[in-house]
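Numbering (my numbering), first residue to last: 91 to 229.
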């Protein structure tokens, strides 16, 4: 959990730092143009991959199978869409990485394995409680 919080803090800082560096090198107008164009490109790619994923989900359901990989792809595409629409070069790069199946499939495997480990995490404290019925002697 701590690593997710660290990522949520570090990614915007990296984005801001990189934007300042790029703006100092090529100018603020061109930097804003690049950010807008990468957001538009990411949006178009996510939309196309999303349609493809929906078709794959429908196909799996029609065959009577559970579309687990396709549903994970859909979730990763939602994250990709959010990342590409977030202003910044780091988030755009991460979002575009999630869009392409070649890079999304290994990430999907990592997510699936991580979820499996979390589902069977028995490191939490467990408490055992016993309840006894008391006879009602109020007669």
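C-beta atoms are modelled at their ideal positions from N, C-alpha and C, and glycine is treated no differently.
C-alpha gap between residue i and residue j, whole angstroms
i           : j           : result
residue 106 : residue 145 : 37 Å
residue 140 : residue 164 : 7 Å
residue 110 : residue 103 : 11 Å
residue 147 : residue 115 : 45 Å
residue 117 : residue 167 : 31 Å
residue 124 : residue 154 : 44 Å
residue 201 : residue 162 : 8 Å
residue 93  : residue 225 : 52 Å
residue 152 : residue 142 : 15 Å
residue 113 : residue 120 : 8 Å
residue 177 : residue 126 : 8 Å
residue 191 : residue 221 : 53 Å
residue 133 : residue 182 : 10 Å
residue 95  : residue 218 : 32 Å
residue 98  : residue 122 : 22 Å
Neighbour-count burial assignment, residue i, 16 or more Cβ in a 10 Å radius
i           : result
residue 209 : Confidence at residue 209 is low in this model, with a pLDDT of 49, below 50, so its placement is unreliable and no value can be given for it.
residue 199 : exposed
residue 194 : buried
residue 223 : exposed
residue 171 : buried
residue 158 : exposed
residue 204 : exposed
residue 184 : buried
residue 160 : buried
Cβ distance (whole Å) where residue i is taken to contact residue j below 8 Å
i           : j           : result
residue 129 : residue 174 : 6 Å
residue 136 : residue 189 : 6 Å
Host alpha helix (DSSP H) of residue i (start-end)
i           : result
residue 133 : 118-152
residue 176 : Segment: none, residue 176 is in no alpha helix (DSSP H) and carries neither H nor E.
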